[in-house]
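The first sequence begins at 37 in the working numbering and counts up by one. These notes concern the structure reproduced below.
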Amino acid sequence: MPRRLASLLAVSERRYDPAEIEARWQRVWDEEGTWVVSNRTDDQRPKAYVLEMLPYPSGEPHVGHLKTYSVGDAIAHFRRRNGFRVLHPMGYDAFGLPAENHAIKTGEHPRDSTRNSIEAFQRQFREWGISIDWTREFGTHEPRYYRWTQWIFLKLLEAGLAYRREAAVKWCPNDATVLANEQVVDGRCERCGAEVEARQLEQWFLRITDYADRLLRDLDTIDWPGHVKTMQRNWIGRSEGAEVVFACEELGIDYPVFTTRPDTLFGATFFLLAPEHPDVLKLAAGTEHEDEVRAYVNHALTESSELRGDVDKPKTGVPLGRTVTNPVNGEQLPMFVADYVLMEYGTGAVMAVPGHDERDHAFARAFDLPIRRVVGGGDGELPYTGDGPLVNSAPQFDGKSNRQALEEIVAWLDREGRGHPSVNYRLRDWLVSRQRYWGCPIPVVYCERCGIVPVPDDQLPVELPEVDDYAPRGRSPLAAAEDWVRTRCPRCDGEARRETDTMDTFVDSSWYFLRYCDAGNEEAAWDPAALRLWMAVDQYIGGVEHAILHLMYARFFCKALSDLGLADVQEPFAALFTQGMVTRGGAKMSKSKGNTVDPAEISDRYGADTARCYILFIGPPDQDVDWSDEGVEGVHRFLARLWRLGAEVAGAAEPADPEVDPEGDDLVLLRKAHWAIDKVTRDMTGRFAFNTAIAAVMELVNDCYRLRAGVEPGTLRFAAATGASLIFPFAPHCGADVYERLTGERVWEVPWPDADPALLESEVVQLVCQVNGKVRDRVEASASASREELAALCREAPKVRAHVDGRDVLKEVVVPGKLVNLVVR
RNA sequence: GCCCGGGUGGUGGAAUGGGAAGACACGAUGGACUCAAAAUCCAUUGCUCCUCGGAGCGUGCGGGUUCGAGUCCCGCCCCGGGCACCA
Numbered sequence: 037m038p039r040r041l042a043s044l045l046a047v048s049e050r051r052y053d054p055a056e057i058e059a060r061w062q063r064v065w066d067e068e069g070t071w072v073v074s075n076r077t078d079d080q081r082p083k084a085y086v087l088e089m090l091p092y093p094s095g096e097p098h099v100g101h102l103k104t105y106s107v108g109d110a111i112a113h114f115r116r117r118n119g120f121r122v123l124h125p126m127g128y129d130a131f132g133l134p135a136e137n138h139a140i141k142t143g144e145h146p147r148d149s150t151r152n153s154i155e156a157f158q159r160q161f162r163e164w165g166i167s168i169d170w171t172r173e174f175g176t177h178e179p180r181y182y183r184w185t186q187w188i189f190l191k192l193l194e195a196g197l198a199y200r201r202e203a204a205v206k207w208c209p210n211d212a213t214v215l216a217n218e219q220v221v222d223g224r225c226e227r228c229g230a231e232v233e234a235r236q237l238e239q240w241f242l243r244i245t246d247y248a249d250r251l252l253r254d255l256d257t258i259d260w261p262g263h264v265k266t267m268q269r270n271w272i273g274r275s276e277g278a279e280v281v282f283a284c285e286e287l288g289i290d291y292p293v294f295t296t297r298p299d300t301l302f303g304a305t306f307f308l309l310a311p312e313h314p315d316v317l318k319l320a321a322g323t324e325h326e327d328e329v330r331a332y333v334n335h336a337l338t339e340s341s342e343l344r345g346d347v348d349k350p351k352t353g354v355p356l357g358r359t360v361t362n363p364v365n366g367e368q369l370p371m372f373v374a375d376y377v378l379m380e381y382g383t384g385a386v387m388a389v390p391g392h393d394e395r396d397h398a399f400a401r402a403f404d405l406p407i408r409r410v411v412g413g414g415d416g417e418l419p420y421t422g423d424g425p426l427v428n429s430a431p432q433f434d435g436k437s438n439r440q441a442l443e444e445i446v447a448w449l450d451r452e453g454r455g456h457p458s459v460n461y462r463l464r465d466w467l468v469s470r471q472r473y474w475g476c477p478i479p480v481v482y483c484e485r486c487g488i489v490p491v492p493d494d495q496l497p498v499e500l501p502e503v504d505d506y507a508p509r510g511r512s513p514l515a516a517a518e519d520w521v522r523t524r525c526p527r528c529d530g531e532a533r534r535e536t537d538t539m540d541t542f543v544d545s546s547w548y549f550l551r552y553c554d555a556g557n558e559e560a561a562w563d564p565a566a567l568r569l570w571m572a573v574d575q576y577i578g579g580v581e582h583a584i585l586h587l588m589y590a591r592f593f594c595k596a597l598s599d600l601g602l603a604d605v606q607e608p609f610a611a612l613f614t615q616g617m618v619t620r621g622g623a624k625m626s627k628s629k630g631n632t633v634d635p636a637e638i639s640d641r642y643g644a645d646t647a648r649c650y651i652l653f654i655g656p657p658d659q660d661v662d663w664s665d666e667g668v669e670g671v672h673r674f675l676a677r678l679w680r681l682g683a684e685v686a687g688a689a690e691p692a693d694p695e696v697d698p699e700g701d702d703l704v705l706l707r708k709a710h711w712a713i714d715k716v717t718r719d720m721t722g723r724f725a726f727n728t729a730i731a732a733v734m735e736l737v738n739d740c741y742r743l744r745a746g747v748e749p750g751t752l753r754f755a756a757a758t759g760a761s762l763i764f765p766f767a768p769h770c771g772a773d774v775y776e777r778l779t780g781e782r783v784w785e786v787p788w789p790d791a792d793p794a795l796l797e798s799e800v801v802q803l804v805c806q807v808n809g810k811v812r813d814r815v816e817a818s819a820s821a822s823r824e825e826l827a828a829l830c831r832e833a834p835k836v837r838a839h840v841d842g843r844d845v846l847k848e849v850v851v852p853g854k855l856v857n858l859v860v861r
């Protein structure tokens, strides 16, 4: 006879009080430094580095942050309780434009507004109960951090991976300043709305293109979502083809072009140069087209990149009055300058094949140039860009498949010295100069005698000077700090001037995950042993909006640092999880739209555990979700039910172990508990299906309530404690509190539970009985029943008999443990 | 134009080595408790018929494969995101 739980009512009057519970547990974790992890070598546990992308501290955290860190923290807790030594640090990507724009508007120093925001983030992370090792915290704007950002820059400079060159940059004519790419929205300045122009300026670049092939190839070695890899592959944009030389004999200049279609060389009927091509004016000089060419080039260079880049724009260009020789047949091809040719890709010159390229076709039609078919196939219409046999080319190639001919033509050109196989990438070198105040100073000086001189190690960091005016005026605001700019050359001690540009903030975030490994190191950016201990990041978590830039730059940094012998990390992020956006009313949240959700409001009202569980329960974490307040109550009710269950069970009976040989409802509840263990464990391993994991714990708690009056106290205690244990990664305060009440133990110190396989299987199964694929009845069957027995059970089921009704059974399909389908006529 | 996602009840979403569509939750309706309310608990809840036993229809649309399709194949439509004159 099971002992009834008496006096349940009195205890159930106790209220779930998240404010009290959460503050209490946060104090414990804070005082004990529970989540601090050391670099000690005597710890034998396997390591796990769990990292969410560091926040950009602007204003208060929003629900997107709540989601990222709820996901990351669940993974961190899960790994800890599975025996891993978990590194889970936090920092701030603190340099950047919003703080600077705020300073321009209000005069408040970016350092002050950033500090305020960082404090808001710290407060929220503590109130959310995120399990962070605070001893490794830093902001990328602190000299103790950016000192090493500068050090890395100088290492790259030393290795030739950082260089200065003149380049076209985005220029806002209204603000008289260069803009970061991120500041250009639909071809306009995000601040003033002016159309952005191109300007030629000398800037610092990092040679990421040297790593194009490795960045592409090594994608195969990492566990990232397929679409992120695809985006990176497209961004790198590897194209195989050939470089072919066209000679302008009049002027004695060779013009190599890159083409992916050397098979169509015999179809080339004209030749194009980009407006930025340095030879354009030289070629036109002295011809009747000289003035027209100059006007065209000037127009093209000042036109906004958005207008110029419009695919639907009619093709324009101007003849140069010169010809080049087609190396395969000696034909003279007229030269043009045309703005659809890009200087940054290939050689800035292209051969035009109007029969087999849509753009060249459009140009040929506009200028009435010959169009020749050299590849057969298609529906007879030109341009035709597909495969087929070569025609109108040369006797030795005509009739061969264009693929085959492509190989042979390139080999032939190679022998003749007129071309060779070649690979091109869409990826460009990374422009890191910013004419901005709130960023990491570029640590070089310019000396009239010595040129570009790196600031010596012992003079790092080059600290940001104080300025009065943050607004860019066509030069970096740092230029106004005259005393700071004027310096002595470290090499010759002569007069020198400091670089006044700062670095793109993506530089700061390209190595922060390395610094966490050894954040306190004052002698070096890191001890290599610390990187060996922690890298790579085992699970990286962040928004898909960083799929290209940040993730590509960070990969590049690791490869470059490895080549320099400074780190041994080919890939920084072994596994990546990209979480979806949180929208409201179907739109991205923004202050201007007034559709933001303040997560602090949710946690103040319902508690952090509710806020965290809800953001995970609302839908699969990799998908975009639309926020609604509706469901919050339900999650809060669930946590309250779990907590009250814990209070009741803890207060009503002596601790007791579950029955050794349970039966009836005890067995049902015990099975449910083990089912939940299994379900949550599977949902968290690789799948990150937190929504269904939480739903499984809800089912367990529902069953506890449903069955509690009829089971042994030990069974109920076990089931409730299991619920607390399983919910802990998502609702750590509630989980810890209930677990301690029921077991006296700290849940984060006990291993993740194992499901008993024997309890996952039942001796009795529901057998689905179908007739012609339609479910007609359900009967109980023994799990060990034979196929024949199952078929017989189905045939005898009353509703099945009604549907078979004397007709012939043609076939019996038996799926053991599941169903029987009778096919009748 | 190209490349990714995604279309399932009133709502968010479950279920894919093909095998009970709608777990869990919200909302709604009814009930219990209460002087009342809140909180809590219980029940019902895909749609349409119904003689209250049940029957038919249902996963964006149209076909197909199969004993059986949300799941696989072919052809479309719609929504979201990314890239876009890259030769």
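For each residue, glycine too, the CB sits at the ideal point set by N, CA and C.
- Secondary structure of Thr721 (DSSP, three-state): coil.
- If you compare the alpha carbons of Asp563, Met625 and Glu637 with that of Asp604, the shortest gap goes to Asp563.
- With respect to the 8 Å criterion, Gly413 and Phe294 are not classified as neighbours on the basis of their beta carbons.
- Excluding five sequence positions before and after Val107, the CB atoms of its chain that fall closer than 8 Å to its own CB belong to Glu88, Ile577, Phe613, Gln615, Leu652, Pro657, Phe724 and Phe726, given in chain order.
- For Gly353, the uninterrupted beta strand (DSSP E) segment begins and ends at Gly353 to Thr361.
- For Phe593, the enclosing alpha helix (DSSP H) covers residues Leu585 to Asp599.
- With contacts defined as CB atoms closer than 8 Å, Pro93 and Trp474 fail to qualify as a contacting pair.
- The segment 396–405 makes contact with the segment 341–352, as at least three CB pairs between them are under 8 Å.
- Checking the DSSP bridge columns, you'll see Gly579 partnered with Gln615.
- Under the three-state reduction of DSSP, Arg121 is assigned to strand.
- Closest option to Pro54, judged by alpha-carbon separation, among Phe674, Gly127, Leu858 and Arg782: Phe674.
- Excluding its 5 nearest sequence neighbours in each direction, Leu237 has C-beta neighbours in its own chain below 6 Å: Val205, listed in chain order.
- Per the C-alpha coordinates, the member of Val498, Tyr482 and Asn152 positioned closest to Cys525 is Tyr482.
- Per DSSP, the beta-bridge partners of Thr538 are Arg470 and Pro477.
- Unbroken alpha helix (DSSP H) runs of no fewer than 4 residues, entirely contained in the segment 386–470, are found at 394–403 and 438–452, following chain order.
- Taking C-beta atoms as the reference points, Leu803 and Leu855 count as a pair closer than 8 Å.
- Annotated as distal: Val800 and Leu762, with beta-carbon spacing of 8 Å or more.
- Distance from Thr245 to Leu463 at the Cβ level is roughly 6 Å; contact confirmed, criterion being Cβ atoms closer than 8 Å.
- Here Gly780 carries a coil assignment [DSSP, helix/strand/coil].
- Between the segment 309–328 and the segment 183–197 there are fewer than three inter-stretch CB-CB distances shorter than 8 Å, so the stretches are not counted as touching.
- Asp375 and Ala336 do touch by the CB rule: their CB atoms are close to 4 Å apart, below 8 Å.
- Of all alpha-carbon atoms in Met588, Val99 and Thr338, the one lying nearest the alpha-carbon of Val264 is that of Met588.
- For Glu326, the uninterrupted alpha helix (DSSP H) run begins and ends at Glu326 to Thr338, by DSSP.
- Asp813: member of the beta strand (DSSP E) spanning Lys810 to Ser818, first to last residue.
- Distance between Gly435 and Leu378, taken at the CA atoms: about 34 Å.
- In this structure, Ile584 is the residue among Gly143, His710, Ile584 and Asp519 with its C-alpha nearest to the C-alpha of Gly273.
- Contact between the segment 440–454 and the segment 485–499 is absent: fewer than three C-beta pairs spanning the two stretches fall below 8 Å.
- Segment contact: the segment 281–300 against the segment 631–638, fewer than three CB-CB distances shorter than 8 Å; contact not assigned.
- Going by DSSP, Tyr291 is part of the beta strand (DSSP E) stretching over Ile289 to Thr295.
- The Cβ neighbour count for Gly357, taken over all protein chains shown within 10 Å, is at least 16; the residue is labelled buried.
- For Met625, the secondary structure class from DSSP, reduced to helix, strand or coil, is coil.
- With a threshold of 16 other beta carbon atoms within 10 Å, Cys528 falls short and is exposed.
- Ile713 sits in a helix when the DSSP states are folded into three classes.
- Listed as beta-bridge partners of Asn365 by DSSP are no residues whatsoever.
- Here the segment 510–524 makes no contact with the segment 555–574; the two share fewer than three CB pairs at distances below 8 Å.
- DSSP places Met734 in the helix class (H, G or I) of the three-state scheme.
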